[in-house]
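Just so you know, the protein sequences line up as chains A and B, in that order.
Just so you know, the first sequence maps onto residues 1 to 291 in the numbering used here.
Just so you know, the second sequence maps onto residues 1001 to 1291 in the numbering used here.
Virtual Cβ for every residue (Gly too), placed ideally from N, Cα, C.
Just so you know, these numbers come straight off a predicted model, no measurement behind them.
Take a look at the structure set out below.
Number of protein chains: 2
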Amino acid sequence: MILLDGKTTSQQIKEEIKETVSKMKSHGEKVPHLAAVLVGNDGASLTYVGSKVRSCEYVGFDSTLIRLDENISEEALLEQIDTLNKDNALDGYIVQLPLPKHINEEKILLAIDPKKDVDGFHPANFGRMALELDAFIPATPYGIMQLLERYNVPTSGKHCVVVGRSHIVGRPISILMSQKGAAGNATVTVAHSRTENLADLTRQADIIVMALGIPEYLTADMVKEGAAIIDVGITRVEDDKHPKGYVIKGDVAYDEVAQKASYITPVPGGVGPMTIAMLLKNTLLARQWNK
Amino acid sequence: MILLDGKTTSQQIKEEIKETVSKMKSHGEKVPHLAAVLVGNDGASLTYVGSKVRSCEYVGFDSTLIRLDENISEEALLEQIDTLNKDNALDGYIVQLPLPKHINEEKILLAIDPKKDVDGFHPANFGRMALELDAFIPATPYGIMQLLERYNVPTSGKHCVVVGRSHIVGRPISILMSQKGAAGNATVTVAHSRTENLADLTRQADIIVMALGIPEYLTADMVKEGAAIIDVGITRVEDDKHPKGYVIKGDVAYDEVAQKASYITPVPGGVGPMTIAMLLKNTLLARQWNK
């Protein structure tokens, strides 16, 4: 069994980006510049955004953190988005989710210039990805593709079952893996809450991508000997024995499934750490494409 | 076995649109206006475009046919596109494909304003469809969804195998059938040229959508008793016995597969006739959304 180590792989990608940026600097070129918009004071959001900003600094990007009041109106936020769209110094930006309830998230995401949408949430980017044009791919599926590719997990002609049909994980990864190209050419099935006889499907799969959000849902009896397992789940489960009062669980019953798997992502340390690396990669691409 | 009759169903949809347009007229509202751009003199293209224009007239739409010289430059065609994008009298338009070889088709399709892209080929529309926002859905998958819905073919929780991953049929129909909503909630597998053991997959399927372009590829031994069969294939096969010198074949060996099927589309007269009806439907939607 080979561990798909997201911590090491994401670090490797960051080093590659750092090297590219260093070359850009030495050639007197502008380095990538990422901005992050944070509305309000949510603790988890502060942590995520802080980590993104620190990663920018690490690889040598310019970064800007824009903090806005919890009570900002939707109109004022849209004006801010418009300013960012027009700011030529900026290659890409993200709006940290969730937004306060009085703001229509969809309206905000649709207002972002697709050319600066390094989160890849805008429909124009989704469509470009699906139609095999240059596009910003959302960080989680992009990170999974990198893990599959860098560990040479066989995908061509293989049957992959994706459990979950979300806009930012299940749907895009199912499309990417079934397209031509690296980590592609798989025969992909999308399963979801309405699927009948899920276990009959997963037992046939050469690759399983779990993106359901139910802790330890995939058990060993649902998995074929030698399958590759990608676990996107990340749920806090209460645990009094743990100093934090909780533990992080994936969608896979890791200990038992790992016994049968050819490849498996741990949780934490698998898909999770890849996301910031892929956000940086998208920002680098934004710089290169907008030149 | 129930025949999914595209000829009758498309006629029914046209009558519904005709009635809506007649009400619009009686309320003094502007009726939908479709334009079609035809470059050159290709016989098949002339036939298709002519049929689209006649269908517009039938349902009471305004229509405009713009014929351009075979030798028009890409730049001049882009100028024409720009004019159509700015023409407020126009609700939607199509550029008949294929275009002459000296013109970059992708560049032309990307220049069409997504709000007027009633063919649904622009990535912005594809992305909106995939992310479950209002969108123009390409005519062929839209037509298939209508057939499934109007004949009440069970899809929720059922396993659908789509054979073919093209941008305008296989990919979009696989997404639509796996989304929530009418004719949706299916567990969908996308198979293609690289798929190993295709027959093992199709034999499990409750619904099979064939969009491969290989005449009579799907044979009875590949189909489960009681499966629903959608045939998107439409290939001219030489036949000296036929006065035209050819016959139209689908991807399904109809005579033998029909024996086992619960529902089946004939070729011709199944999916084919639905496409013009859905183009009209998209043009009606364009009028309603742009109001």
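- Query: Taking only beta-carbon atoms, is N185 of chain A less than 8 Å away from chain B?
  - Reply: Using a Cβ-Cβ cut-off of 8 Å, N185 of chain A counts as an interface residue toward chain B, since at least one Cβ of chain B sits closer than that to its own.
- Task: With 8 Å as the C-beta to C-beta threshold (strictly closer), list the residues of the stretch 1197-1217 of chain B near chain A in chain order.
- Result: Correct list: L1201.
- Kindly give me the distance between the Cβ atoms of I229 of chain A and I276 of chain A, rounded to whole angstroms, as I take these residues to be in contact under 8 Å. In fact, because the Cβ distance is near 22 Å, the residues do not count as touching under 8 Å.
- Task: Output the distance between the C-alpha atoms of L90 of chain A and E106 of chain A, rounded to the nearest integer angstrom.
- Result: So the two alpha carbons sit approximately 22 Å from each other.
- Task: Spell out a yes or no on whether the stretch 1175-1182 of chain B and the stretch 1218-1228 of chain B are touching, meaning 3 or more CB-CB pairs, one atom from each, closer than 8 Å.
- Result: Because the criterion of three Cβ pairs below 8 Å is not met, the stretch 1175-1182 of chain B and the stretch 1218-1228 of chain B do not touch.
- Query: Mind pulling the beta strand (DSSP E) runs of 3 or more residues that sit fully within the stretch 34-101 of chain A?
  - Reply: Fully enclosed beta strand (DSSP E) runs of 3 or longer: 62-68, 92-95.
- Query: Going along the stretch 1120-1134 of chain B in order, which residues come within less than 9 Å of chain A, judged by CB to CB distance?
  - Reply: Cβ contacts with chain A come from F1121, H1122, P1123, A1124, N1125, F1126, G1127, R1128, M1129, A1130, L1131, E1132, L1133.
- Sub-8 Å separation of G92 of chain A and T235 of chain A beta-carbons: Cβ distance not < 8 Å, so G92 of chain A and T235 of chain A don't count as in contact.
- Task: List the residues that DSSP assigns as beta-bridge partners of R236 of chain A.
- Result: According to DSSP, which records beta bridges pairwise, R236 of chain A is partnered with A:I248.
- Task: Run the proximity test for Y263 of chain A: is its beta-carbon closer than 7 Å to any non-hydrogen atom belonging to the ligand ZN?
- Result: The ligand ZN is absent from the structure shown, which contains no ligand whatsoever.
- Task: Give the DSSP-derived three-state secondary structure of Y1263 of chain B in the structure shown.
- Result: DSSP places Y1263 of chain B in strand when its eight states are reduced to three.
- Message: Using DSSP's beta-bridge definition, name the partner residues of A1228 of chain B.
- Response: Beta-bridge pairing by DSSP links A1228 of chain B to B:I1207, B:Y1263.
- Message: Please state the DSSP three-state secondary structure of A1191 of chain B.
- Response: Reduced to three states, the DSSP call for A1191 of chain B is strand.
- Buried versus exposed call for E29 of chain A [16 or more other C-beta atoms within 10 Å across all chains shown]: E29 of chain A is exposed by the Cβ-count criterion.
- Item | Residue from B:K1260, B:V1037, B:N1088 whose Cα sits closest to the Cα of V1031 of chain B | Minimum Cα-Cα distance from V1031 of chain B among the listed residues B:K1260, B:V1037, B:N1088 corresponds to B:N1088.
- Message: Which residue wins for smallest C-alpha separation from G1184 of chain B, given the options A:N185, A:L198, A:R165?
- Response: It is A:R165 whose Cα lies nearest to the Cα of G1184 of chain B.
- Query: Roughly how many angstroms separate the alpha carbons of P1100 of chain B and N1071 of chain B, rounded to a whole number?
  - Reply: Going from the Cα of P1100 of chain B to the Cα of N1071 of chain B covers about 8 Å.
- Beta-carbon separation (whole angstroms), D251 of chain A vs L218 of chain A, contact threshold 8 Å: So it is a contact: roughly 6 Å between Cβ atoms.
- Task: Check the DSSP bridge columns for L1218 of chain B and list the partner residues they point to.
- Result: Beta-bridge partners of L1218 of chain B (DSSP): B:V1252.
- Query: So L1147 of chain B and G1006 of chain B are in contact, right, with Cβ under 8 Å, and what is the actual spacing, rounded?
  - Reply: That pair is a contact at about 6 Å.
- Spell out a yes or no on whether the stretch 1077-1086 of chain B and the stretch 1010-1029 of chain B are touching, meaning 3 or more CB-CB pairs, one atom from each, closer than 8 Å. Counting Cβ pairs under 8 Å, fewer than three are found: no touch.
- Message: I want to see whether chain A comes within less than 8 Å of V1118 of chain B, judged by CB atoms only; does it?
- Response: Judged by the 8 Å Cβ criterion, V1118 of chain B is not in contact with chain A.
- Message: Please confirm whether G157 of chain A has its beta-carbon closer than 8 Å to some beta-carbon of chain B.
- Response: Output row for G157 of chain A: interface = yes.
- Task: Check whether the Cβ atoms of K18 of chain A and G50 of chain A sit closer than 8 Å, and answer yes or no.
- Result: Contact check for K18 of chain A against G50 of chain A fails: the beta carbons are separated by 8 Å or more.
- Query: What does R1150 of chain B reach in chain A if we use C-beta pairs closer than 9 Å?
  - Reply: Contact of R1150 of chain B with chain A by beta-carbon distance below 9 Å is absent, the smallest such distance being about 21 Å.
- Message: Within the continuous alpha helix (DSSP H) that includes V21 of chain A, where are the two ends?
- Response: Looking at the DSSP string, the run of the alpha helix (DSSP H) that includes V21 of chain A is 6-26.
- Query: Whose CA, out of A:A36, A:R150, A:E75, lies closest to the CA of I66 of chain A?
  - Reply: Ranking the options by Cα distance to I66 of chain A, first place goes to A:A36.
- Message: Quick check: M210 of chain A and V163 of chain A, are their CB atoms within less than 8 Å of each other?
- Response: Yes. Within cutoff.
- Return the Cβ separation of S961 of chain B and K1014 of chain B in integer angstroms, given the expectation that the two are a contact with Cβ distance under 8 Å. One cannot answer for residue 961 of chain B here, as it falls past the ends of chain B, which runs 1001 to 1291.
- List the residues of chain A whose Cβ lies closer than 7 Å to the Cβ of R1194 of chain B, in chain order. Around R1194 of chain B, the beta-carbon contacts reaching into chain A at under 7 Å are S156, G157, N185.
- Inter-residue spacing [alpha-carbon to alpha-carbon] between Q1011 of chain B and I1081 of chain B: Near 31 Å, if we compare the C-alpha coordinates of I1081 of chain B and Q1011 of chain B.
- Once you ignore the five residues that flank V153 of chain A on each side, which residues in its own chain have a CB closer than 6 Å to its CB? If we look at V153 of chain A and ignore the five residues flanking it on each side, its Cβ neighbours are A228, Y263.
- Within this structure, are the beta carbons of K956 of chain B and P1215 of chain B separated by less than 8 Å? Residue 956 of chain B lies beyond the residue range present for chain B, which begins at 1001 and ends at 1291; the question has no answer from this structure.
- Item | Cα-Cα separation, E149 of chain A to T155 of chain A | Straight-line Cα distance between these residues: approximately 9 Å.
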